[in-house]
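Trainee: Below you will find the structure I want to go over with you.
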Ligand SMILES: [Zn+2]
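In this note's numbering, the protein residues as written are 876 to 1086.
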């Protein structure tokens, strides 16, 4: 259980390949937003425990945002849709086909660079292709937080890395595109894999892209 800010909860789901995986729950005015859904039944149980801790239920989830269509982030999607009450599902346009192939879930609308979701003080969509074609980072304006998915990887000591080639469509592009994050004002970097950076995160990202 981890309360990151009043609005943001992080849920650690399962280790894979030595990496732990996180999903996030946002408490917004109109309900909850779940960012990524993880994989394995343990992950479902951990999300449920977090909802319970927040005095919320699966039905409170009104929107599911997917960072990218790789298994560790999406495998539970059908299960989550069974548990919830028809939330909308959104992800990057470039990953819509992959999501459908892997989970059977069709999405009506893909997200693109510069799109804005009005909830939670404004969530801006940053398109960061390379790790996957439709890979996204979600920028929470009021929280000054970047929920990066696999745009940036980290370790348990707070070191940051560009996405590993073995997991990426085009690792060089993935590395180049990280620079886009520096156009935004943020201090928190919330990762899917690795230790979150809760202060001065932009400086750490600057160091990463300038290596
Ligand atoms: Zn991942």
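For glycine and all other residues, C-beta sits at the position ideal for the given N, C-alpha and C.
Compare the Cα-Cα distances from residue 978 to each of 1054, 1049, 984 and 956 and report the closest residue.
Mentor: 956
Trainee: Please determine whether the Cβ atom of residue 877 lies at a distance below 7 Å from any heavy atom of ligand 1.
Mentor: Not so, every heavy atom of ligand 1 lies at least 7 Å from the Cβ.
Trainee: With a threshold of 7 Å (Cβ to nearest heavy atom), would residue 978 be considered close to ligand 1?
Mentor: no
Trainee: Could you pull out every unbroken beta strand (DSSP E) segment of at least 3 residues lying fully inside the region 882-940, listed in chain order?
Mentor: 883-891, 894-903, 906-910 and 936-940
Trainee: Let me check you understand the geometry: is the CB of residue 961 closer than 7 Å to at least one non-hydrogen atom of ligand 1?
Mentor: No, the Cβ of residue 961 stays beyond 7 Å of every heavy atom of ligand 1.
Trainee: Indicate the three-state DSSP secondary structure (helix, strand or coil) for residue 1084 in the structure shown.
Mentor: Helix.
Trainee: Going by Cα to Cα distance, which pick from 925, 1053 and 924 is closest to residue 1003?
Mentor: 1053
Trainee: Would residue 936 and residue 911 be called neighbours here (beta carbons separated by less than 8 Å)?
Mentor: Result no, Cβ atoms of residue 936 and residue 911 do not sit closer than 8 Å.
Trainee: In its own chain, which residues sit with a C-beta less than 6 Å from the C-beta of residue 922, not counting the 5 before and 5 after it?
Mentor: Closer than 6 Å at the Cβ level, and outside the excluded window around residue 922, lie 886.
Trainee: Taking its Cβ as the centre, do 16 or more other Cβ atoms sit within 10 Å of residue 1008, making it buried, or is it exposed?
Mentor: buried
Trainee: Return the CA-CA distance between residue 988 and residue 949, expressed in angstroms with no decimal places.
Mentor: 21 Å
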